[in-house]
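Visitor:
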Amino acid sequence: MKLAELLERLEYRCLQGSLDTEVKDIVNDSRKVGEGALFFCIKGAVTDGHQYVPDVIEKGAKVLVVQEPVEAPEEVTVIRVEDSRYAMALIAAAWYGHPAEKLKVIGITGTKGKTTTTYMIRSILEAAGHKVGLIGTIEAIIGEKVIPACNTTPESITVQKYFAEMLAVGCDCVVMEVSSQGLMLHRTAGFEFEIGIFTNLEPDHIGPAEHSSFEEYLQCKAMLFKQCRLGILNADDPHLDEILEGHTCQVETFGFGEQADFRASDTKLVSAPGYLGIAYHVTGKRNFSVEIDIPGKFSVYNSLAAIAVCDHFGVTDENIITALKQAKVKGRIEMIKVSDEFTLMIDYAHNAMSLKSLLTTLREYHPKRLVCVFGCGGNRAKSRRFEMGEVSGNYADFTIITSDNPRFEEPEAILADIETGISKTNGKYIKIIDRKEAIAYAIHHGQPGDVIVLAGKGHEDYQEICGVKHPMDERVLIQEILEER
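Sequential numbering from 45 applies to the sequence shown in our numbering.
#1: Give every residue of the same chain whose Cβ lies closer than 7 Å to the Cβ of F306, excluding the five residues on either side of it in the sequence, and list them in chain order.
#2: Evaluate the contact criterion for the stretch 227 to 244 versus the stretch 181 to 201: three or more CB pairs, one atom per stretch, below 8 Å.
#3: Just mark P339 as buried or exposed, buried being the case when its beta carbon has 16 or more other beta carbons within 10 Å.
#4: Going by beta carbon distance, what residues of the same chain come within less than 6 Å of A136, once the five residues before and after it are set aside?
#5: Using 8 Å as the threshold, is the C-beta distance between L403 and Y345 below it?
#6: Find the nearest neighbour of P411 within the set E385, M45, K475, judged by alpha-carbon distance.
#7: Which runs of the alpha helix (DSSP H) spanning at least 4 residues fall entirely within the stretch 220 to 281, listed in chain order?
#8: Where A393 and D517 are concerned, what is the direct C-alpha to C-alpha distance, given to the nearest angstrom?
#9: Would Y206 and G177 be called neighbours here (beta carbons separated by less than 8 Å)?
#10: Along the alpha helix (DSSP H) that carries C416, what are the first and last residues, could you check?
#11: Expressed to the nearest angstrom, what Euclidean distance is found between the alpha-carbon atoms of G321 and L313?
#12: Could you tell me which of I487, G173, E221, K480 sits nearest to P515, measuring between CA atoms?
#13: When you compare only the Cα positions, how much space is there between C58 and E102?
#14: For Y96, which of I185, A116, A308 has the nearest alpha-carbon?
#15: Report the rounded CA-to-CA distance for L274 versus Y409, giving the unit in angstroms.
#16: Have a look at I496, S128, D494, P450 and flag the residue whose alpha-carbon is nearest the alpha-carbon of K513.
#17: If I follow the unbroken beta strand (DSSP E) through Q294, where does it start and stop?
#18: Does DSSP classify V326 as helix, strand or coil?
#19: Between the alpha carbons of F235 and K472, how many angstroms are there, rounded?
#20: Please identify the residue among E188, Q225, K106 whose C-alpha is closest to the C-alpha of G88.
#21: If you follow the beta strand (DSSP E) that D361 is part of, which residue opens it and which one closes it?
#22: With DSSP run on the structure shown, which of helix, strand or coil describes H94?
#23: Would you check if the distance between the CB atom of T292 and the CB atom of K270 is smaller than 8 Å?
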């Protein structure tokens, strides 16, 4: 493809070389550069792509997209832009033929609920006859192909590549998680979302390698509503007005309040041995009753958002009711049947905020005992361990402290830090370093009416030790424990 075609929608200056250059590939990783490539010089948190200019020229790069001055032979075309990440998103969209313009792209942002809402929407739309691609924290789904995820929102080149592949296999819609980092780093620039969804906002992802403040975190989330045609937002969230400041989209809302367009009423908790769920009545723009096989008030919010989206696709009440009943998300309050007497589930809660939310939700079902099995990752802030220990001690009746991803730390040291937090409470606990042994202990000591939650790993199917990811899927461990028993 000619360089001039790739630059059509971009503001730039050609510092040297020709716009008639034939581009054979677009690359942002210097290790993958080949003859005739266009290389994006990206300033990252760890490395600066401008430093690799001599290396990529030697490998055959013919075009450089830069935001700072570089030295290059005269036969290499140098394109200067204000932000090379933004330029990468627009050039990637052009390289793949602007696939998003032929798809209805639904983007979901918020602190919690993105993953579950994504799968709910996909479940409903697929039941109604649509072919739906998915991009999220757990995986990307392109027809029959499933690709494990590295980031919630991949780099723009990958996003556009996925869109093109989805088109090729007949998808007409895409539902994707849109992280604040993804918005801040322009990973979703270069196209317009059909629908943008806002689930909720709480302080998270604030630190040296993420957002400098809660205000910046909020502003990044709000970017989605300047990049979509329709915004569907949680009317009950206290930050709604700030999220909508400067929005350019039409707006609809969901929630429990009378002002919401899609409202939940008559909410009832549903429980049986091995099962927890929630039922409610939808009012406002739709009118029917629904039951979700995922417990908690947040399941109402997530499903209301999904219902609001699917209303715009003309999905029938019957299809919505059936699809929501069947919607499951790996590692998100995922119930695993092991007994007729107690309930066991797997959840990704891996920080104090998400663990507290999970445990308080499960307490509403009045279990005989709430048992929490969890650990913390190595080479991460110790404060997280203290906080999670304290949360579990306060909200669970019994805690089994175990190993998570120890990485380059000794598991014993991590467990000791968690114990420091739990010892501030009156919570009962035991320490079992080996995760399989810890899960076996929880199952073998399960009592009638218990709810047991394995927290922290969720969808992950590995355990990271000393830089190596060893296979470890909690579903497999549970099956082995049952067979051994």
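Positions of the beta carbon are idealized from the N, C-alpha and C atoms, including for glycine. Since the model is a prediction, treat every value here as computed from it, not as a measurement.
Guide: Let me spell this out:
#1: F298, V326, G328, K329, R330, L348, I351, A352
#2: yes
#3: Its Cβ being crowded by 16 or more others within 10 Å, P339 is buried.
#4: S200, I201, Q204
#5: Not in contact: L403 and Y345 (Cβ atoms no closer than 8 Å).
#6: E385
#7: 224 to 228, 258 to 266
#8: Distance between the alpha carbons of A393 and D517 is about 16 Å.
#9: The answer is yes: Cβ separation under 8 Å.
#10: That residue, C416, is in no alpha helix (DSSP H); its beta strand (DSSP E) goes 414 to 418.
#11: 6 Å
#12: Relative to P515, the option among I487, G173, E221, K480 whose CA is nearest is K480.
#13: Each residue's Cα considered, the two are about 21 Å apart.
#14: A116
#15: 36 Å
#16: Comparing Cα-Cα distances from K513 to each of I496, S128, D494, P450, the minimum goes to P450.
#17: For Q294, the enclosing beta strand (DSSP E) stretches over residues 294 to 299.
#18: strand
#19: 52 Å
#20: Q225
#21: No beta strand (DSSP E) contains D361, which is instead part of the alpha helix (DSSP H) from 361 to 370.
#22: helix
#23: With contacts defined as CB atoms closer than 8 Å, T292 and K270 qualify as a contacting pair.
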